[in-house]
Every structure is written in C-alpha cells, then in structure tokens.
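See below for the structure under consideration.
Residue numbers (our numbering): 7 to 296.
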C-alpha cells in the first residue's frame with residue numbers, strides 16, 4: 007500500500023504534465039482565413055501608403071537591389087552573353103522575396119506606430135538570420151536548377167541575335183516562360199507568407215513555409231490575382247530589357263523600375279500576411295520595441 011500510492015501519484019503527475027505539454031504545443035501550421043478574389047488590390051493600396059510614410063527607407067532597399075543587379079549583370083555580360091543576362095535577371099526574381107525582408111520590417115514598424123528605422127530593420131534581420139539562411143538555401147537551390155534549365159532552353163532553342171524580327175524570339179520566350187513559371191510558382195507558394203511570418207513571430211522556417219503553401223492552396227483565386235499583379239509590376243521592365251538590348255539601356259531601366267516596384271511588392275506582402283495568416287499561437291517578436 008505504501009509503495010502503490012506514490013507510483014499512482016507519479017502516473018497522475020505524468021499524465022497531467024503530458025496534457026499540459028499538449029495544450030502548450032504549437033500547431034504544425036498556422037490557420038488562414040478565406041480571401042476574397044480581389045483583396046490583393048487592397049494590399050497594394052496599403053503598400054503605397056507605407057511607401058509614402060517611409061520613402062527613404064523603402065528606396066534604400068530598392069537601391070540595394072539595383073546595385074546588386076548591376077553587379078550581377080556585369081558578371082553575366084563579362085563572362086557570358088545577353089541571354090545569360092536574361093536568364094540571370096529572370097532567376098533574380100526568384101530570390102527577390104528574400105531581398106524584400108527589410109520592407110516587411112518597415113511596414114511592421116508603421117503598423118505598430120513606430121517611426122520607420124533602418125536600424126530596426128537590421129536588428130530584425132539579424133534576429134531572424136538563421137531561419138532566413140535556411141530559406142535562402144532553398145532559394146539558392148531553386149535558382150541553380152533554374153539556371154541549368156535556362157541554359158538548356160538556350161541550347162535547344164537558340165535565337166539568332168542578328169535578326170531584328172521580334173517574332174523569332176517567340177519560341178524561345180514561350181518555352182522559357184513556361185519552364186520559368188514552374189519555378190516561379192514553387193517559390194511564390196513558399197514565400198507568399200512565410201518570410202513576413204518569420205519577421206513577425208518566433209516561428210521556424212519549416213512551419214512558415216508549410217503555412218504559406220497551405221494558405222496559397224486554400225486561396226487560389228486571390229493568389230492568382232496577387233501573382234498576376236506581381237507579374238504586371240515587373241513585366242514592363244522585362245519588355246524594356248528586350249527592347250534596349252543593343253545598348254544596355256533596357257537593363258538599366260528594368261533595374262531602376264525594380265528599385266521602385268520591389269519595395270511596393272514587399273510592403274504589400276506584409277499586408278497580405280496580416281490579412282491572411284493567424285499566427286497568434288506563436289510568440290510575437292518584440293525586438294522592435296528596443
């Protein structure tokens with residue numbers, strides 16, 4: 007009798023501890039709300055408000071994108087050719103969500119009523135560095151596979167650079183766009199909400215990516231509109247890239263345009279996350295209060 011009671015009590019304590027742990031366990035994926043088809047247009051409106059509230063900080067990130075793009079373009083042209091540059095710029099769009107992380111922080115600061123500060127952006131990026139590097143590794147693998155696929159398209163569907171007829175480019179661009187869209191959809195689904203969640207909550211990268219993919223799949227019409235808006239934002243720049251290939255003016259224009267559109271898309275992505283994902287189960291990042 008004297009030995010059974012403690013054993014029974016220990017079993018009860020273990021059951022209680024297990025129940026408490028289960029109650030405190032975080033879900034595998036953050037729930038999402040159902041979006042209206044045209045809600046992404048409203049995200050752009052909020053993004054423009056953020057851009058006007060913090061133009062210097064937003065354009066700073068845009069300038070970083072422009073300078074980095076010029077450096078990569080020099081390498082591509084110096085050691086490759088025009089179509090290597092086109093493939094590089096196309097692949098560059100795949101890693102653009104990671105470059106826009108700072109704009110998520112700017113929008114979060116505005117949302118909290120704080121004066122936007124680049125210092126706080128750097129604090130946020132340093133805090134989330136580990137998870138961001140995991141995501142960056144995923145994007146790097148996707149980018150490298152895309153680079154090989156783009157090279158294969160160029161090899162099997164060569165284009166005569168001496169012809170002025172733009173119709174000769176249709177086959178190359180059509181097949182290249184079809185192949186690229188596959189990679190773009192993968193990155194879009196993984197990055198649509200994951201990076202803002204990593205900036206906002208104490209969550210790991212796997213949970214954030216799964217949450218993002220789940221939300222995209224559950225809101226296909228709205229996400230299709232959002233993806234189309236992103237394409238419309240960058241498409242004029244790519245058109246200029248093709249039209250100005252002779253003197254490099256097109257590339258300068260596309261990069262200058264991305265220097266403005268990328269911050270806008272970044273701000274809109276933050277508002278998309280806030281409107282879609284319920285991440286209240288995860289502790290909120292309080293580093294911005296420093």
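C-beta atoms are modelled at their ideal positions from N, C-alpha and C, and glycine is treated no differently.
Classification of residue 274 by the beta-carbon crowding that lies within 10 angstroms, buried from 16 upward: buried
Residue closest to residue 199, alpha-carbon to alpha-carbon, out of 270, 220, 180: 220
Cβ neighbour criterion (16 or more within 10 Å) applied to residue 253: Any reading at residue 253 must be qualified, since the residue scores a pLDDT of 49, below 50, and its modelled position is unreliable; no value is offered.
Rounded Cβ spacing between residue 68 and residue 265 (contact assumed at less than 8 Å): 4 Å
Proximity below 9 Å, CB of residue 223 to CB of residue 196: Against a cut-off of 9 Å, the Cβ pair of residue 196 and residue 223 comes out as no contact.
Other residues of its chain near residue 232: CB distance less than 6 Å, five sequence neighbours each side excluded: 46
Beta bridge counterpart(s) of residue 38 as assigned by DSSP: 283
Check whether residue 205 and residue 130 have beta carbons under 9 Å apart: Residue 205 places its beta carbon less than 9 Å from that of residue 130.
Counted within 10 angstroms of its Cβ, other Cβ atoms place residue 42 as buried (16 or more) or exposed: exposed
Beta-carbon proximity list for residue 235, same chain, < 7 Å, skipping 5 on both sides: The residues are 46, 50.
Segment limits, alpha helix (DSSP H) that includes residue 203: 200 to 206
Cβ-Cβ separation, residue 128 to residue 269 (assumed contact under 8 Å), whole Å: That belief does not hold up - the Cβ atoms of residue 269 and residue 128 are roughly 16 Å apart, past 8 Å.
For residue 290, the residue or residues it bridges with in DSSP: Answer is 207.
Residue 110 beta carbon less than 9 Å from that of residue 276: yes
Exposure label - residue 161; buried when at least 16 CB within 10 Å: Taking a 10 Å sphere around the C-beta of residue 161, we find fewer than 16 other C-beta atoms and assign the residue as exposed.
Backbone secondary structure at residue 152 - three-state DSSP: helix
Given residue 239 as reference, the closest of 217, 263, 135 once Cα atoms are compared: Nearest C-alpha to residue 239 among 217, 263, 135: 263.
Where the alpha helix (DSSP H) containing residue 108 begins and where it ends: 107 to 117
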